[in-house]
Structure formats: C-alpha cells, structure tokens
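Q: Position one of the sequence shown corresponds to residue 357 (the working numbering), numbered consecutively onward. All C-beta atoms, glycine included, are put in the ideal place defined by N, C-alpha and C. Bear in mind the structure is a predicted one, so any value in this text is a computation, not a measurement.
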Amino acid sequence: MFVRRRLPAAALAAATAFALLTACGSGGSGSGGGALTWWHNGTQDPLKTVWDHAAANYRQAHAGSKIDVVPLQNEQFPTKVPLALQSDNPPDIYFNQGGGLLATQAQSGRVADLTSLTADWIKDLGPAAQGWAADGKQLGVPYDSHVVGFWYRKDLFGNAGITQPPATIDELKVDIGKLKATGSTPIALGGKDRWPDAFYYDYFAVRECAVDTLKSSVKAAEFTDPCFTRAGQDVLDLIALKPFQDGFNGTPAQQGSGSSAGLVAAGQAAMELQGDWNPSVMQGLAADPSYKDQLGWFPFPAVTGAAGDPTVALGGGDGFSCTVKRAADCAQVLKYLTGAEVQTELVSSGAATIPVNPVAVAAIKDPVVKQIFDYNARASYIQVYFDVALPTAVGQALNDAAADLFAGKGDAGSVARAVNAAG
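#1: Within the continuous beta strand (DSSP E) that includes T393, where are the two ends?
#2: Under the DSSP definition of a beta bridge, which residues are partnered with M627?
#3: Counting C-beta neighbours from all protein chains within 10 Å, is the total for G420 16 or more, i.e. buried, or is it exposed?
#4: Would you identify the three-state DSSP class for P711, choosing helix, strand or coil?
#5: Report the residue from P608, G769 and D674 whose alpha carbon sits nearest the alpha carbon of S501.
#6: Over what stretch of residues does the alpha helix (DSSP H) that includes N755 continue unbroken?
#7: Grab the span of the beta strand (DSSP E) containing F451 for me, first residue to last.
#8: Let's test the definition: count the other Cβ atoms within 10 Å of the Cβ of T660 and tell me whether it reaches 16, buried, or not, exposed.
#9: Suppose you measure from the CA of S385 to the CA of D685; what does that come to, to the nearest Å?
#10: Look up D444 in the DSSP assignment and give the residues it is bridged to.
#11: Measuring alpha carbon to alpha carbon, tell me which residue in A658, P666, E628 and G612 is nearest A643.
#12: In chain order, which beta strand (DSSP E) runs of at least 3 residues are fully inside the region 669-721?
#13: Report buried or exposed for V530, applying the criterion of at least 16 other Cβ atoms within 10 angstroms of its Cβ.
#14: Just how far apart, CA to CA, sit S616 and Q699?
#15: Please state whether DSSP places S387 in a helix, a strand or coil.
#16: The alpha helix (DSSP H) that contains V740, what's its start and end?
#17: In or out: P714 buried (at least 16 other Cβ within 10 Å) or exposed?
#18: Using the Cβ count rule (16 or more neighbours within 10 Å means buried), how would you classify K726?
#19: Between the region 482-501 and the region 451-467, can you find at least three pairs of beta-carbon atoms closer than 8 Å?
#20: In whole angstroms, what is the alpha-carbon distance linking A468 and A683?
#21: Answer yes or no: do T667 and A745 have a C-beta to C-beta separation smaller than 8 Å?
#22: Counting along the chain, where does the beta strand (DSSP E) carrying D424 start and finish?
#23: Would you mind stating whether G671 and V567 have Cβ atoms separated by less than 8 Å?
#24: With a CB to CB cut of under 7 Å and the five nearest residues on each side skipped, what residues in its chain are close to Y450?
#25: Have a look at K571, Q432 and P635 and flag the residue whose alpha-carbon is nearest the alpha-carbon of D549.
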C-alpha cells in the first residue's frame, strides 16, 4: 500500500497538469527564479481548499513568490515520487509519510537534509517529527498524525441490539453474527486498494506481539517471532466469518459512492477499519449528510491472552519533504504549514483530526474527534503502519501477502515469510 488512507484526499481524477497559483516560494534563501513545485494529495475537499488557502495566504505574506500546486491522487505517489527523484526536475515539495519509506527515498540523493533549516522550530511539533528523521537527519516535516480504528454506524449497531462497541476480538465476532442476523453487512472493506487489507494484519500483529518485539522486528526487517504467524491466523479466522460485503476484493477504499467508505456513509455496511481521516473521505462521497450523526469510533479490540499491549495503536502521519535544489525556500513553506494558522484550519475544516502543533488542539470541537485525539495521546506506543515503517520493498511485500490472504491465497505464516524474503 502506500498513501492511503491514508488520506483525506481520495478522488478518481488526478490532476496531472499544473494549477499555477501565484502563491508561495521564497522567504528563505531566495534561491532564485521560477516557482516552487508542490506535490500534495489534496485532490478533494476539505484538504484541497486548505492547501489552496495556504498557497494564497503564503503569497500575500511573501510578495513575488510563487508555487506550482500539483494535486495528485494518493495512489499515484508510489510510482511518481521514485521516478521524479531519479529525474533532473523533481518537485521542490512533495507529500510522503516518513518512516522507512522516506529513508528509502533519501537514498536517491535528492531528498534535502532539513536539520539546520528547521532547528529553530521543529521542537514545536513534538515527537511526531521523529517519524520524518533518519540517521540523525531531519528529512521531512509532518503536518498531521493518524490513528487507525473502527468507524461504525450507531444506528445499525442499535438495530442489531449492540449497546456498546466490542472491547475484544471475541466480542467483535459475536457482534458480526448479530449484524448478519439483521441483514446488515458487518464490515466494509476496500480490498481493491490492498492497503486496507494490511490494516488487519498490522493490527493483529500489534495485538499479538509485545512492543519490544515490534520494535526489534521492524528494525531488522524480519518477522521471525511466532506472534507474526499468530497474527496471520487471526486474519484467516476473521475472514472465515464472512463479515465483508460481496465483491470486497474489487471494492475501492475511497473512490466513489460504492467504495468501502461510501458503503458506511450510506448505511450499507455497519463498520470499517480505517484511519481517522475516513469522515472527510465520506464527506465527498455521500449525497445525504445525515450519516455524520450516526458515526461512532472504537479502537481495534484486544486479543485475549495475547502478548500485545491493548493500549498500543496503529498509526502514522502525513507530511512533506524537500528536494535539494531549493531546500531553504521549501523549509520556509513547511514552517508555515505547521504553524498555528494552517494547523487550525486543517482541524476546523475536518481535513485533519490530530494536529502536530499543539496550538491547534483547541480547534477540535467534534466529540468523536476528541475521543480519537485522546486515544492517540494516551497510547502507550504508536506502531507506524508496517508498509511505511519498513523499507519500501519489504513493506510492499507485506501488503501484497496480506492482500493474498483476503483473496484466499496463503496461510498463517505467509505474510511473515514474505517480509523475511524481501528483507
């Protein structure tokens, strides 16, 4: 998988032509000539409008500066970014999700070391910024954080006699039976995009494995502990219950009203394991906004008796990196994007749930969003999505093997073996 979810930006149309805005640019070293090129994933509102405002407002504060704003569909980044970093004209600012993915990109020699350029303000972002650092270098800057959990329809749960969300996997399995008995599809799954499949394997591994095991296994890019095989069996046991909609392997996650997000928004499925960004995706898919009043959220349930800490969360974040040609100018833009003005608009618009700058926390008004923010803040550890935490090739191997489980291929140890073979 890769950029998904991963985000409040998901639309079929990907803007491949530049939308020239006389918007940002220098304000740092003034490296001369032309506009900065900014690749982001805000192809639909609310994120698109937030970034448009940011570009326009930056222009007003930095007269004469410009940016070529290039919104790209999430799923384009895994192919476009590596190719661009091998070219003579990569974007000056580009979207990424940090971790091993960014460390892999840095091997191109085109990703700027921002350590000195961000030293005066990076501390304002707290520990989230460490996800965009490698080998002592700050290689990018996050603008929000994410956590994955179940979004559910309170009305459909109520119709099935479910009075509170499940706290354990055993309770989840019982609830699946109750929902099926009422004719509801228990869980929507966007298997066409494959990365939503990996969320299940990732979270079962987080619940089965101790934190020290997670850390050492990711560092070594090897899944040799038996807990990773138990996670694979957990996935197979869930699939065996047939909780997903018909044709889930061909359903997109975020594109169109028939996507998994669209099914939940329309009340055609009771829940979906997705990131905190999911309501902003639904906003662009649902004709009837009344679904918002029925949305609730709960964390991935505990696996009874497993070694994993049930307070560990699966998550990550979104951010931007700079390429070397105009790194100083780019760093000034990133400083603005993580400042109070833009961070507050990200939250108040619904484009972001968990801001990286604490100054924007006061903008959180929705009680469900506040629940998610508090859960993330209390988490004993945040395991970054494995496909981002691991080197790119290894993460892709994990995603492919996890998706194969949902397609009826492989066994409990398939994902672990795929990781070990790719590492």
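A: This is what the structure gives:
#1: Element bounds for T393: L392 to H396.
#2: Y508 and I543
#3: So G420 counts as exposed.
#4: When DSSP states are grouped into helix, strand and coil, P711 belongs to the strand group.
#5: D674
#6: T748 to F762
#7: I449 to N452
#8: exposed
#9: With a pLDDT of only 32 at S385, under the threshold of 50, the placement of this residue in the model should not be trusted; the figure read from the coordinates follows. Between S385 and D685, the C-alpha separation is close to 6 Å.
#10: DSSP output for D444 lists no bridge partner at all.
#11: G612
#12: 669-678
#13: exposed
#14: Answer to the nearest angstrom: the Cα atoms are 28 Å apart.
#15: Note that S387 has pLDDT 38, beneath the 50 cutoff, so the model's placement of it is unreliable and the number below is only indicative. Three-state DSSP puts S387 in coil, outside helix and strand.
#16: No alpha helix (DSSP H) contains V740, which is instead part of the beta strand (DSSP E) from I738 to V740.
#17: exposed
#18: Counting the other Cβ atoms within 10 Å of the Cβ of K726 gives fewer than 16, which makes it exposed.
#19: yes
#20: When rounded, the distance between both Cα atoms is 6 Å.
#21: no
#22: I423 to P427
#23: no
#24: W395, V437, F676 and S677
#25: Q432
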